Amino acid sequence: MRIKSRFWAFLIAVPALFLSSCESGLDLVEVESKVYLTRSGAVALTPLLGESVYELGVYRSGINQKSKVTVDVQADPSVAGDFLRDNAGYQLLPEMYYTIPGNNVEFGAADERKPFKIYLRNIDEAFTGRKFVLPVKIRSVSGSADILETKNTVFLTFSRYRNVFEGTYKAYGRVYQAGSSSPEARIDEEVKASSVTANTVLVNGAEGAMKIHLTVQNGEVVVTGAPGSEAFKVRNTGGKPNTYTGTFNPAYQANEGTFTLNYTYTSGGKEKEASVELKFWL
Amino acid sequence: MNKKILWISTAWLTAGFYACERASESYPEARTTVSAVYATFSDGSGFFNPETPTPYTGDTLKIVVPSHYPEESDHVSDITKMRLQVNPPASISGADGIMDLSRPVAITLRSEDGSEKKLFVVAKVRRSSEALIRSFELPGVNQVGYLVESRRVIGLVSGGISLAGQKPRLTLSPHATISPDTSLAQDFSGPVVYTVTAEDGTKVQYTVKPVTPQKIAAGLRKESARLLWTRKLAELGINDTDHLTTSLAISGKHLLVNTRNAANKYLDRFTGDFSGTQVMGEIQTREFMNFFATSDEAGQILISNLITAAGQTLYVYKWKNAADAAPVKFIEWKSDITGGQAGRKFSIRGDLSRDALIFMGASNANNTILRWQVKDGVLLSQTPVKITYPGTNKWTLSADAISEGTNVTDNLFVSGYPGDFVYMRSSDGAVLGQVNLAASGYTANHSLDLAGFNKAGYLAAVSIANLNGNAFLYDVTDPTALSTAPGSAGYAGVMVYKSPLISSAANGNLTGDVLLKVSEDGYKMVMYVLVTNGSVAAYEFDCVDIGSIQ
């Protein structure tokens, strides 16, 4: 019996000792802090129409750093020279399109990552067809930390807006020859919807070379051929629904919704009808 | 007992892994919602932000809407039927459905943090203040104006064309108007002032005038490439299925289109419009009459017949220009090329009234190039010198060659089908540069032309397939650069332009032609491309330093 108790004591005590040593070991290790931006180099952003907030991550590395650190981050046009020289056609993002509420990013003792907020404003349908850059740089750091020089600058680039319908969709559907009830093709694919106007997106159509515009008008959808796909003569199928249902999801900063589409087109001299559902897909 | 041991061990091990793991967390680039109001038209189109962004400090939000939407359309904006929205989780009350925003509307904005703010929202229509000329052309002479917006000047580089009596074609900013009336012809050989009036009454004056700007440092301005005109052969009244229209020649303001067995038509080379019919003269009496035509730098035209065997006589006739009614025999040579044809294709380097070299690719299995020399306006011999391209690929069918200059020692560009496309040293036939035909996308390669333009050398070449064809333009300032591999970093600096495919009816002979012509003032170069049974197209390039236009 005594042997048995000792065995149990051993079984419990040894792992406990092992674990406590593990913790003590971590307490003793110190690695100096470096602060850096979680994105660096050129990073393309597609801002939502209207106003939105982009949170650029500022990271503090290191182990067992207990002190507070303040990082000064700034939109800094002065570092854009090389970028503008090497990337033809870019210009600095005009100030009318952004504001920065605060330049200081404060790290508490236990903080590893903090956001640097950039408010993107006045984004409307005119925000397209140009190439903008907003350089953001860690200017200085106070407290017990150094700047990681290789990751202290990011060039946020902008070339267009996005509407709330832009995103990835899962497409399921069928294609029929007009008048036939037997499908001649199935649609089961992921499609990307990109913004054309505030209420229109461009997606791949039912044929390989077909691009279509989906225009949302108060829950109804008008389907038309995109430039280059005019020959398909795409139009809504009469008597069948073309609808959009969905609401803005703050988590995705986009609408989470479904297009129900019934459109007719011409291909290979034949009239065809596509019945497709596009469901928002992550 | 064993089970208890197993459970305890497992529990400790699991605890151990968790305890030793360093705290980790994923940090997506989060975005948060801004409680920002926006307006759309009643159908959901349009997107209009308030003049002042969040945080809203005043009690009124003013939303400015263009007078037309889309702005370039004639659709008048209706601000009495609009919708106000905000992205969830923020919300607005008092703004349900379609609203008349021509008068202030009271709403309550509830932000995502639960705070509320009462606001008035009103829309205002903004008339466009843009009074811009966005493009300017003189379609009658196929001229594009160089728009220097900062100086409100539109420069015209005529290239020797008369600019009198022309009606311009302009693109204005939306809803702007212009005076004087652009349907009235003007004399653009001197300054013409136009006043553009914006929708809101803003007035801006532009001056259109001939200019002699500086040229860019060297070569062509890549972004200047444009289709000057294109004409289907059928539009020109030329049969587009019989395979007989095979070559081009340039004379002054005319482009001659050679159609075998017929009187050739010539066009206004600046517009593509029909100008006249050539007097063919004695060549009509020869076997395989007017088989191929070409021209020298001065606009003199040579046309050959075709010979199909040794012992037959090759004839080449000369026209001073396209309208010359009295062509003269220029070459008469009894061929001694065994098993080969001649007269299918040839080129001239230089001016036949001064110094020139004439190159004709014989259609044989020996890659033979025939060369005649003109010195001080005199053809030195009726009998050509035979040059051999020593490549192992034999063209056997169609080949063209042209030299860098008018000296017999000048190196050659040679292109033969089926065969090679090379830059060849004349002294020994060594290949100094070679186009990778397959990687470049060639089908049948043959016709060439060479021109000096703004301190650079350009070589045009055709590729013809059964149902289409196109042309390539190479910068051969360094001719050895022809070897630059397609897809390599330097290729775009060598193959500077590739015309779109020109479609044709079945063209089984794979014939076509290409020519280059530099304007007298040196500002423009045009590449003319013929695809047999298809079309003739003209592509223009310039070397204008637009920033220098005053």
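Heads up: the protein sequence lines correspond to chains A and B, in order. Read in order, the letters of the first sequence correspond to residues 131 to 412 in our numbering. Read in order, the letters of the second sequence correspond to residues 246 to 795 in our numbering. We treat Cβ as the ideally placed atom computed from N, Cα and C, and that holds for glycine. Since the model is a prediction, treat every value here as computed from it, not as a measurement.
Whose Cβ in chain B lies nearer than 8 Å to the Cβ of residue i?
{"i": "PHE378 (chain A)", "result": "ASN332, PRO333"}
{"i": "GLN347 (chain A)", "result": "ASP288, GLY289, SER290"}
{"i": "GLU255 (chain A)", "result": "GLY291, PHE292"}
Measure the beta-carbon distance from residue i to residue j and round it to whole angstroms, keeping in mind my assumption that it falls under 8 Å.
{"i": "ARG371 (chain B)", "j": "ASP787 (chain B)", "result": "The pair is not a contact, with the Cβ atoms about 38 Å apart (cut-off 8 Å)."}
{"i": "ILE406 (chain B)", "j": "PHE515 (chain B)", "result": "6 Å"}
{"i": "ILE632 (chain B)", "j": "ILE614 (chain B)", "result": "4 Å"}
{"i": "LEU408 (chain A)", "j": "TYR299 (chain A)", "result": "4 Å"}
{"i": "GLY303 (chain A)", "j": "VAL406 (chain A)", "result": "3 Å"}
{"i": "VAL350 (chain B)", "j": "VAL331 (chain B)", "result": "Contact flag wrong, Cβ pair sits at about 14 Å."}
{"i": "PRO380 (chain A)", "j": "PRO333 (chain B)", "result": "6 Å"}
{"i": "GLU317 (chain B)", "j": "PRO419 (chain B)", "result": "4 Å"}
{"i": "GLY686 (chain B)", "j": "SER728 (chain B)", "result": "Incorrect: roughly 16 Å between the Cβ atoms, too far for contact."}
{"i": "ASN778 (chain B)", "j": "HIS488 (chain B)", "result": "6 Å"}
Under 7 Å Cβ to Cβ from residue i, same chain only, skipping five residues before and after it: list those, please.
{"i": "ASN282 (chain A)", "result": "TYR166, LEU167, LYS267, ILE268"}
{"i": "PHE519 (chain B)", "result": "LEU481, LYS510, LEU512"}
{"i": "SER780 (chain B)", "result": "THR475, ARG476, LYS477, LEU478, ILE747"}
{"i": "LEU704 (chain B)", "result": "PHE658, LEU693, LEU695, TYR719, VAL721"}
{"i": "PHE575 (chain B)", "result": "LEU547, VAL561, TYR562, LYS563, LEU624"}
{"i": "ASP790 (chain B)", "result": "PRO458, GLN459, LYS460, ILE461"}
{"i": "GLY674 (chain B)", "result": "THR633, TYR634, PRO635"}
{"i": "LEU682 (chain B)", "result": "PHE666, ASN690"}
Which residues in chain B sit within 7 Å of residue i, going by Cβ to Cβ distance?
{"i": "ASN252 (chain A)", "result": "ASN294, PRO298"}
So, residue i versus residue j, is the Cβ gap smaller than 8 Å?
{"i": "SER803 (chain B)", "j": "ILE324 (chain B)", "result": "Residue numbering for chain B in the displayed model covers 246 to 795; residue 803 (chain B) lies beyond these limits and cannot be assessed."}
{"i": "VAL398 (chain B)", "j": "ILE794 (chain B)", "result": "yes"}
{"i": "TYR784 (chain B)", "j": "SER749 (chain B)", "result": "no"}
{"i": "TYR742 (chain B)", "j": "ALA470 (chain B)", "result": "yes"}
{"i": "GLU386 (chain A)", "j": "ALA328 (chain A)", "result": "no"}
{"i": "GLY753 (chain B)", "j": "ASN711 (chain B)", "result": "yes"}
{"i": "ASN715 (chain B)", "j": "VAL774 (chain B)", "result": "yes"}
{"i": "TYR768 (chain B)", "j": "VAL402 (chain B)", "result": "yes"}
{"i": "ALA284 (chain B)", "j": "ARG348 (chain B)", "result": "no"}
{"i": "SER496 (chain B)", "j": "PHE537 (chain B)", "result": "no"}
{"i": "GLU162 (chain A)", "j": "ASP276 (chain A)", "result": "yes"}
Apart from the five residues on each side of it in sequence, which residues of its chain come closer than 6 Å, Cβ to Cβ, to residue i?
{"i": "ALA368 (chain B)", "result": "ILE308, VAL310, ILE324, LEU346"}
{"i": "LEU214 (chain A)", "result": "TYR220"}
{"i": "ALA172 (chain A)", "result": "PHE285, THR287"}
{"i": "VAL389 (chain B)", "result": "GLU382"}
{"i": "SER643 (chain B)", "result": "ARG589, LYS590, TYR662, HIS691"}
{"i": "TRP411 (chain A)", "result": "THR298, TYR299, LYS300"}
{"i": "VAL449 (chain B)", "result": "ALA376, VAL441"}
{"i": "ILE483 (chain B)", "result": "THR490, THR504"}
{"i": "LEU278 (chain A)", "result": "LYS164, TYR166"}
{"i": "ALA335 (chain B)", "result": "SER280, SER356, GLU357"}
{"i": "GLU266 (chain B)", "result": "Unreliable positioning characterises GLU266 (chain B) in this predicted model, as indicated by a pLDDT of 37, which lies under 50. The coordinate reading is nonetheless provided below. Nothing listed; no residue qualifies."}
What in chain A is Cβ-close to residue i, meaning under 8 Å?
{"i": "TYR283 (chain B)", "result": "LEU179, GLY180"}
{"i": "VAL561 (chain B)", "result": "Result: empty, since nearest Cβ-Cβ is about 48 Å, beyond 8 Å."}
Taking C-beta pairs closer than 9 Å, name the residues in chain B that residue i reaches, listed in chain order.
{"i": "THR327 (chain A)", "result": "SER290, GLY291, PHE292, PRO315"}
{"i": "TYR249 (chain A)", "result": "VAL279, PRO298, THR299"}
Identify, in the order they occur along the chain, each residue of the same chain with its Cβ nearer than 8 Å to the Cβ of residue i, setting aside the five sequence neighbours on each side.
{"i": "ILE423 (chain B)", "result": "ILE378, LEU415, LEU417, TYR439, THR440, VAL441, THR442"}
{"i": "GLY155 (chain A)", "result": "Unreliable placement is indicated for GLY155 (chain A), whose pLDDT of 47 sits below 50; the coordinate value is still reported in the next sentence. Contacts found: none."}
{"i": "ALA323 (chain A)", "result": "PHE295, GLU296, GLY297, THR298, TYR299, VAL331, LEU332, VAL333, LEU344, LEU408"}
{"i": "CYS152 (chain A)", "result": "In this prediction, CYS152 (chain A) scores a pLDDT of 47, lower than 50, which makes its location untrustworthy; the coordinate-derived value is nonetheless stated afterwards. Closer than 8 Å at the Cβ level, and outside the excluded window around CYS152 (chain A), lies no residue."}
{"i": "GLU270 (chain B)", "result": "Because GLU270 (chain B) sits at a pLDDT of 32, beneath the cut-off of 50, its placement in the model cannot be relied upon, and the point is left open."}
{"i": "ARG276 (chain B)", "result": "Summary for ARG276 (chain B): the model assigns pLDDT 48, below 50, so the residue's position carries little reliability; its value from the coordinates is reported in the next sentence. For ARG276 (chain B), where only same-chain residues beyond five positions count, there are no Cβ hits under 8 Å."}
{"i": "PRO273 (chain B)", "result": "Legend: pLDDT at PRO273 (chain B) = 38, less than 50; position of this residue unreliable, value from coordinates given subsequently. The answer is none, since no qualifying residue turns up."}
{"i": "VAL183 (chain A)", "result": "LYS247, ILE248, TYR249, LEU250"}
{"i": "THR396 (chain A)", "result": "ALA361, PHE362, LYS363, LYS402"}
Should the segment 538-546 of chain B be regarded as contacting the segment 565-578 of chain B, the criterion being three or more beta carbon pairs within less than 8 Å? yes
If contact is defined by three or more beta carbon pairs under 8 Å, each pair taking one atom from either stretch, is the segment 255-275 of chain A in contact with the segment 208-226 of chain A? yes
For the structure I just gave you, are there three or more beta carbon pairs, one from the segment 354-367 of chain A and one from the segment 297-311 of chain B, closer than 8 Å? no
Cβ pair count under 8 Å reaching 3, the segment 663-677 of chain B against the segment 554-563 of chain B: no
Three or more C-beta pairs below 8 Å linking the segment 421-435 of chain B and the segment 762-776 of chain B: no
Mind the definition here: the segment 337-354 of chain A touches the segment 286-298 of chain B only if three or more C-beta pairs lie below 8 Å; say whether that holds. yes
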